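Enquirer:
If you want it as C-alpha cells, here you go:
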C-alpha cells in the first residue's frame, strides 16, 4: 500500500493558555485525494492545519508522505505542502501580484526568467492572466484569494492545504473557487464550515468536534446526515 | 478602499522614470549633500540648484503642483529649526525690539542665513520628492539594498509601505465603530486608547502570520528580486551630467560670492 499523503496519528495539542485544541486526532489522506476538514468554530481545524507545516511546534505524530514532521524535516515538508492562509492579505506581501507569485520560485533558486515564467503560468492556472502588474491590495476579494492560491501553486507542491478559502467570497466567486480546487492537481485538504462549498470541491470529509474526529467518510454521506452535523455544532 | 499613495505617479513614463533606480538614488543623495554643504549666502548657487531641481520635476512629468505641495507640507518641520536663526546670529542689527521681558534683534547675517537654510531645505525636498514620486517604491527599496542598505532594513521599510494602508483601513474601521456606538468626551478618549492597543496586537499577529507565509515559501533571510537592474551608459551620463551641473552651480556661486 502506498504511503498516505497525510497521516495524523493520535495528535493532541494544548495552547499555552491551557485551551485544549486537539485531543487524539487520527486520520489519513491518500495521495491525490480531495478532502475536507469540517467543524464548528474552534473545533481545531486551523490548529490541525498549522501543524501540518510545522507553524506550531513540529510534532512527529504527523507524517507527510511518510516523513514525520520534525525540525530536521521542516524544509522538505514545507516544499511538499503548500499552505493557503485564511486571510489572503497574509499571503500577498509584495508590491505587485507577479512579484508575490514569483517570490517562492525565486527562493527555490530559479533564475529570473524561469521564475517569471512559472509565476505567469500559476496566474493562468487560477484564471488571473494579465494580473501580474496589478497591485495586490487593489484586487477584489475573489481575485485576492486566487492570487494567494497562485503564490502556492507556483511552488508546485504535492499537497495543497487551504484554511477557510471560501470565507468572505460572494456565491459566484465561491462556485468558481470550488471549480478551481476540483481542477487542482495533487492532494488537497480544505478546512471549512461552508458545507455547500465543501460538497462542491471535495469527495471526502473529516468532521472535527472539540478537537476530536467525530466522523470520517465520503462527502455526500456525511453532508447529508443532518443529525450528525447538528450534533457536532454545524 | 482606495488610498492616494506615494506610488501614484510611479507608473508614468518619463526620462526620470526610465533611469536606473540606483543611479537616481545616488544622484539625488549626492545632490542633497552638495546643496546642504553649500555655504550660506551663495544665492547664485541656490538659483542654479533650483533650476536643476525644477528641470528634474518637469522632466519627470510628475505634476509640479504635487511636488511643491508635498515639499511645503514638510517645510514647517524645517522651519521649526531655522526660525530662531535670524535672532541668534551675531552681526549688524536690522531691527531691534524691546517688549518688556522679551527683547532681541534681527541681524542681517541672521536673515541671510535663514533665507539660505530655507532655500536649501526646499531644494532638497523638491529633489527627494521627485525621486520618490518617479520611482516605484519597491524598486527604490531594492536599489537601496543593492547599494548596501542592510537587507533587514529594506524588508522592514518595504513592509511598512505595503501594510500601511491596511493599518489605516483598520484604524478607520475602528474609529467608525467607536463613533457609531456614541459616547463623547472622556469615553471617546478612553476608546481611542483601546484602539491603539488593538491595532498593536493586530499588527503583531499579522506580522507573525506574514513571517510564516514567507517561511513557507522558502524565505531564508535574503530577498531575491524579479526586477532586472541594468546600468546603461545613458543612466550614468544623465545622473553624472546632473551632478556635474550642480557642481558647476556651486563653483559659480562661490566665484561671484567672493
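Chains as they are written, first to last, in the numbering used here: chain S, -10 to 223; chain Y, 27 to 284.
All C-beta atoms in this analysis are idealised placements derived from N, C-alpha and C, irrespective of residue type, glycine included.
On a predicted model such as this, the values are computed, not experimentally measured, just so you know.
Say whether the region 144 to 162 of chain Y touches the region 75 to 90 of chain Y, bearing in mind that this needs 3 or more beta-carbon pairs closer than 8 Å, one atom from each stretch.
Expert: Yes: the two stretches touch, three or more of their Cβ pairs being nearer than 8 Å.
Enquirer: Buried or exposed for residue 79 of chain Y, please, with buried defined as at least 16 other CB atoms from any protein chain shown within 10 angstroms of its CB.
Expert: Position 53 of the second chain, counting from 1, holds the residue named residue 79 of chain Y. So residue 79 of chain Y ends up on the buried side.
Enquirer: Find the residues of chain Y that neighbour residue 120 of chain S, judging by a C-beta separation of less than 7 Å, and give them in chain order.
Expert: Within the first chain, numbered from 1, the residue matching residue 120 of chain S stands at position 131. The premise fails here: residue 120 of chain S is roughly 15 Å from chain Y at the closest Cβ pair, so nothing lies under 7 Å.
Enquirer: Compute the distance between the beta-carbons of residue 280 of chain Y and residue 68 of chain Y, then report whether it is under 8 Å.
Expert: Here residue 280 of chain Y corresponds to residue number 254 of the second chain, with the count starting at 1. Here residue 68 of chain Y corresponds to residue number 42 of the second chain, with the count starting at 1. Yes.
Enquirer: Let me check you understand the geometry: is the CB of residue 221 of chain S closer than 7 Å to at least one non-hydrogen atom of the ligand GDP?
Expert: This structure does not include the ligand GDP; it has no bound ligands of any sort.
Enquirer: Listed from N- to C-terminal order along the chain, which residues in the region 250 to 261 of chain Y have their beta-carbon within a distance smaller than 9 Å of any beta-carbon of chain S?
Expert: Within the region 250 to 261 of chain Y, the residues whose Cβ lies closer than 9 Å to some Cβ of chain S are 250, 251, 252, 253 and 254, listed in chain order.
Enquirer: Which chain Y residues are close to residue 91 of chain S, counting only those with a beta carbon under 8 Å from its beta carbon?
Expert: The residue you call residue 91 of chain S lines up with position 102 of the first chain. The contacting residues are 252.
Enquirer: Give the range of the beta strand (DSSP E) segment to which residue 111 of chain Y is assigned.
Expert: Counted from its first residue, the second chain places residue 111 of chain Y at position 85. First-last for residue 111 of chain Y: 111 to 114, but that is the alpha helix (DSSP H), not the beta strand (DSSP E).
Enquirer: Would you report the Cα separation of residue 204 of chain S and residue 99 of chain S, rounded to the nearest angstrom?
Expert: Position 215 of the first chain, counted from the first residue, corresponds to residue 204 of chain S. Position 110 of the first chain, counted from the first residue, corresponds to residue 99 of chain S. Distance between the alpha carbons of residue 204 of chain S and residue 99 of chain S: 43 Å.
Enquirer: Between residue 61 of chain S and chain Y, is the shortest Cβ-Cβ distance under 8 Å, so that the two count as touching?
Expert: For this step, residue 61 of chain S is matched to residue 72 along the first chain. Not an interface residue.
Enquirer: Report the option in S:220, S:5, S:14 and S:183 whose CA atom is closest to the CA atom of residue 41 of chain S.
Expert: For the purposes of this step, residue 41 of chain S is identified with residue 52 of the first chain, where counting begins at 1. When only C-alpha atoms are compared, the closest one is S:14.
Enquirer: Looking at the unbroken beta strand (DSSP E) that takes in residue 119 of chain Y, where does it start and where does it end?
Expert: On the second chain, residue 119 of chain Y is found 93 positions in, with the first residue counted as 1. Note, residue 119 of chain Y: beta strand (DSSP E), 119 to 125.
Enquirer: Interface residues of chain Y around residue 4 of chain S at Cβ under 8 Å?
Expert: By one-based count along the first chain, residue 4 of chain S stands at place 15. The premise fails here: residue 4 of chain S is roughly 14 Å from chain Y at the closest Cβ pair, so nothing lies under 8 Å.
Enquirer: Compute the Euclidean distance between the alpha carbons of residue 239 of chain Y and residue -6 of chain S, then round it to the nearest angstrom.
Expert: Numbered from 1 along the second chain, position 213 holds the residue referred to as residue 239 of chain Y. Numbered from 1 along the first chain, position 5 holds the residue referred to as residue -6 of chain S. Their Cα atoms are separated by approximately 22 Å.
Enquirer: For a cutoff of 8 Å on Cβ pairs, would you count residue 199 of chain Y as touching chain S?
Expert: Along the second chain, read from residue 1 onward, the residue named residue 199 of chain Y stands at position 173. It does not; no Cβ of chain S falls within 8 Å.
Enquirer: CB-CB under 6 Å to residue 183 of chain S, same chain, minus the five flanking residues each way: which ones, in chain order?
Expert: Here residue 183 of chain S refers to the residue found at position 194 of the first chain. The residues are 155.
Enquirer: Does chain S have any CB closer than 8 Å to the CB of residue 147 of chain Y?
Expert: Residue numbering aside, residue 147 of chain Y sits at position 121 when the second chain is read from its first letter. No, residue 147 of chain Y lies away from the interface with chain S (no Cβ there is under 8 Å from its Cβ).
Enquirer: Would you tell me roughly how many angstroms separate the C-alpha atoms of residue 223 of chain S and residue 8 of chain S, rounded to the nearest one?
Expert: Taking the first chain and counting its residues from 1, one reaches residue 223 of chain S at position 234. Taking the first chain and counting its residues from 1, one reaches residue 8 of chain S at position 19. Roughly 21 Å between the two C-alpha positions.
Enquirer: Check whether the region 144 to 161 of chain S and the region 70 to 87 of chain S are in contact - that is, three or more C-beta pairs closer than 8 Å.
Expert: Cβ pair count under 8 Å is three or more, so yes.
Enquirer: Taking a contact to mean a Cβ-Cβ separation below 8 Å, would you say residue 36 of chain S touches residue 63 of chain S in this structure?
Expert: For the purposes of this step, residue 36 of chain S is taken as the residue at position 47 of the first chain. For the purposes of this step, residue 63 of chain S is taken as the residue at position 74 of the first chain. For residue 36 of chain S and residue 63 of chain S, no; Cβs fall outside 8 Å.
Enquirer: Going along chain Y in order, which residues have a C-beta closer than 7 Å to the C-beta of residue 103 of chain S?
Expert: Numbered from its first residue, the first chain carries residue 103 of chain S at position 114. In chain order: nothing, as chain Y lies at least about 11 Å away.
Enquirer: Identify every run of the beta strand (DSSP E) within the region 161 to 208 of chain S, keeping only runs that are complete inside it and at least 3 residues long; order them along the chain.
Expert: Listed in chain order, they are 176 to 181, 193 to 198 and 201 to 207.
Enquirer: In the DSSP assignment, the alpha helix (DSSP H) including residue 43 of chain S goes from what residue to what residue?
Expert: What you label residue 43 of chain S is simply residue 54 of the first chain in a count that begins at 1. No alpha helix (DSSP H) contains residue 43 of chain S, which DSSP labels as neither H nor E.
Enquirer: In chain S, which residues lie with their C-beta within 7 Å of the C-beta of residue 188 of chain Y?
Expert: For the purposes of this step, residue 188 of chain Y is taken as the residue at position 162 of the second chain. Those within 7 Å of residue 188 of chain Y in chain S are 82 and 84.
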